[in-house]
Amino acid sequence: MHYTGTIWRPPYEADSLIIEATAGCTHHQCKFCTLYEELPFKFKPAPMEHIEADLLEVQTWYHDPLRKAEERLFETRKASCERVFLAGANPFALKTSHLMKIANLIDSHFPTCSSIGCFSRITDIKHKTDDELAELAAAGFDGLTIGIETGDNDALAFMNKGYRAQDIIEQCARLDDARITYAFFYLVGISGKGRGIDGAKRTTAAVNHTNPWLIGANMLTIYKSSELYQEIVAGKWQEETEVEKYEEVKELVRALAIPTEFAMLGASNPVMIRGQLPEHKTEILAALDSVINDIGEERLRNYRENLHHL
475 MHYTGTIWRP
485 PYEADSLIIE
495 ATAGCTHHQC
505 KFCTLYEELP
515 FKFKPAPMEH
525 IEADLLEVQT
535 WYHDPLRKAE
545 ERLFETRKAS
555 CERVFLAGAN
565 PFALKTSHLM
575 KIANLIDSHF
585 PTCSSIGCFS
595 RITDIKHKTD
605 DELAELAAAG
615 FDGLTIGIET
625 GDNDALAFMN
635 KGYRAQDIIE
645 QCARLDDARI
655 TYAFFYLVGI
665 SGKGRGIDGA
675 KRTTAAVNHT
685 NPWLIGANML
695 TIYKSSELYQ
705 EIVAGKWQEE
715 TEVEKYEEVK
725 ELVRALAIPT
735 EFAMLGASNP
745 VMIRGQLPEH
755 KTEILAALDS
765 VINDIGEERL
775 RNYRENLHHL
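Heads up, the sequence shown stops at 784 in the numbering used here, and the numbers go up one at a time, no gaps.
Set out below in structure tokens:
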């Protein structure tokens with residue numbers, strides 16, 4: 475398989491077939507991000523011949539004639555491959571014609587595949603016409619994962635995200651019209667010390683006008699190689715305490731007024747929490763209170779300081 479550097483995927487894409495479509499990020503300017511610093515380039519599409527070769531290789535996993543009959547039967551069932559996840563920071567930035575070529579390749583090798591997902595920036599959606607979004611939806615693109623991070627315009631500007639809260643609302647409405655579903659990643663702590671609850675309020679003010687099937691909250695973890703760390707050293711930004719971050723999440727959950735799944739999964743979260751809103755709101759808030767009161771700042775901070783890799 476042609477994989478470049480560390481491959482990142484959402485927790486809920488664990489059962490998807492992961493095919494690299496791009497490496498790196500088209501934006502590559504977010505102050506907190508260190509995910510792609512190992513790459514010697516900013517962004518690069520995967521060669522189409524690599525994508526086709528990987529699809530062919532995957533087929534051999536399922537149809538090795540030397541394996542036992544029962545193993546082949548099991549893997550043939552797996553070969554139905556109902557979903558492909560295109561790896562890369564934001565493959566949705568690729569031109570629609572390029573994405574359609576990938577979709578056609580997937581369909582030719584795995585006709586049972588019913589959907590194709592990937593990471594996307596808000597700006598990637600903005601650069602596509604309504605007709606292009608409809609064409610991609612018809613080709614199976616669905617279930618995008620969008621790292622909105624926050625709806626706090628001050629934080630978005632400071633972190634160089636490249637869009638505003640209103641853009642989140644407008645571009646997700648276009649996805650809704652195209653019938654492309656999406657999930658959000660929210661970055662807890664991005665607003666900075668003393669501003670977390672306000673950041674959560676600003677976020678829900680925007681997100682409550684959208685329709686994500688899931689909102690995944692991830693805890694901001696700052697590494698010394700990040701630009702954000704240099705801002706801290708220069709005294710231009712302060713990190714929230716761990717308890718502040720959980721108070722921020724409580725406000726986010728409390729103020730969310732849309733039906734969605736809420737999750738805190740992945741390595742940045744010392745405690746995993748998952749539930750449906752509004753059905754499990756009371757239980758989620760109680761779980762967050764338990765983290766604050768029973769685990770506390772010292773143990774939470776110890777986890778953060780010893781988290782060497784996301």
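Cβ coordinates follow ideal geometry from the N, Cα and C atoms, glycine included.
Provide the residue span of the beta strand (DSSP E) that contains residue i, from first to last.
{"i": "L726", "result": "Here L726 belongs to no beta strand (DSSP E); instead the alpha helix (DSSP H) covers E716 to A729."}
{"i": "T480", "result": "First-last for T480: undefined, no H or E at that position."}
{"i": "L688", "result": "L688 to M693"}
{"i": "V787", "result": "It is not possible to answer for residue 787, since the shown part of the chain is limited to 475 through 784."}
{"i": "R748", "result": "I747 to L751"}
{"i": "R557", "result": "R557 to A561"}
{"i": "T496", "result": "T496 to G498"}
{"i": "K518", "result": "F517 to P519"}
{"i": "I590", "result": "S589 to S594"}
Within the continuous alpha helix (DSSP H) that includes residue i, where are the two ends?
{"i": "E772", "result": "G770 to E779"}
{"i": "E757", "result": "K755 to S764"}
{"i": "L573", "result": "T570 to H583"}
{"i": "E735", "result": "No alpha helix (DSSP H) contains E735, which is instead part of the beta strand (DSSP E) from T734 to M738."}
{"i": "I664", "result": "Segment: none, I664 is in no alpha helix (DSSP H) and carries neither H nor E."}
{"i": "I671", "result": "G670 to V681"}
Anyone know if the C-beta pair for residue i and residue j falls short of 8 Å?
{"i": "K600", "j": "D641", "result": "yes"}
{"i": "A577", "j": "G625", "result": "no"}
{"i": "L560", "j": "S594", "result": "no"}
{"i": "L529", "j": "I580", "result": "yes"}
{"i": "I590", "j": "F615", "result": "yes"}
{"i": "G770", "j": "E714", "result": "no"}
{"i": "E623", "j": "F659", "result": "yes"}
{"i": "L759", "j": "R748", "result": "no"}
{"i": "N780", "j": "S742", "result": "no"}
{"i": "L509", "j": "W482", "result": "yes"}
{"i": "R638", "j": "E716", "result": "no"}
{"i": "I654", "j": "A613", "result": "no"}
{"i": "F506", "j": "S700", "result": "yes"}
{"i": "A657", "j": "G690", "result": "yes"}
{"i": "L568", "j": "P521", "result": "no"}
{"i": "L630", "j": "G663", "result": "no"}
Would you call residue i buried or exposed, if buried means 16 or more other Cβ atoms sit within 10 Å of its Cβ?
{"i": "T586", "result": "exposed"}
{"i": "K635", "result": "buried"}
{"i": "S582", "result": "exposed"}
{"i": "G668", "result": "exposed"}
{"i": "D598", "result": "buried"}
{"i": "H501", "result": "buried"}
{"i": "W711", "result": "buried"}
{"i": "P796", "result": "Missing from the structure shown is residue 796; the chain here goes from 475 to 784 and no further."}
{"i": "T480", "result": "exposed"}
{"i": "F432", "result": "Missing from the structure shown is residue 432; the chain here goes from 475 to 784 and no further."}
{"i": "E511", "result": "exposed"}
{"i": "Q503", "result": "exposed"}
{"i": "F548", "result": "Only weak support is given to the placement of F548: the predicted model assigns it a pLDDT of 46, under 50, and the question is left unresolved by the model."}
{"i": "L707", "result": "Leu is not the amino acid found at residue 707; the sequence shown has Val there. Result: exposed."}
Beta-carbon of residue i versus every beta-carbon of chain B: anything under 8 Å?
{"i": "T678", "result": "Note that chain B does not occur in the displayed structure, where there is just one protein chain."}
Would the beta-carbon of residue i be found less than 7 Å away from any heavy atom of the ligand SAM?
{"i": "M633", "result": "Because no ligand of any kind appears in the structure shown, any question about the ligand SAM cannot be addressed here."}
Meets three-Cβ-pair contact criterion under 8 Å: the region 668-683 and the region 707-723
yes
Which runs of the alpha helix (DSSP H) at least 4 residues long sit entirely within the region 603-655? Give them in chain order.
604-612, 627-632 and 639-652
Do three or more CB pairs link the region 487-498 to the region 683-690 at distances below 8 Å?
no
Quick check: the region 762-777 against the region 723-732, are there 3 or more CB pairs under 8 Å?
yes
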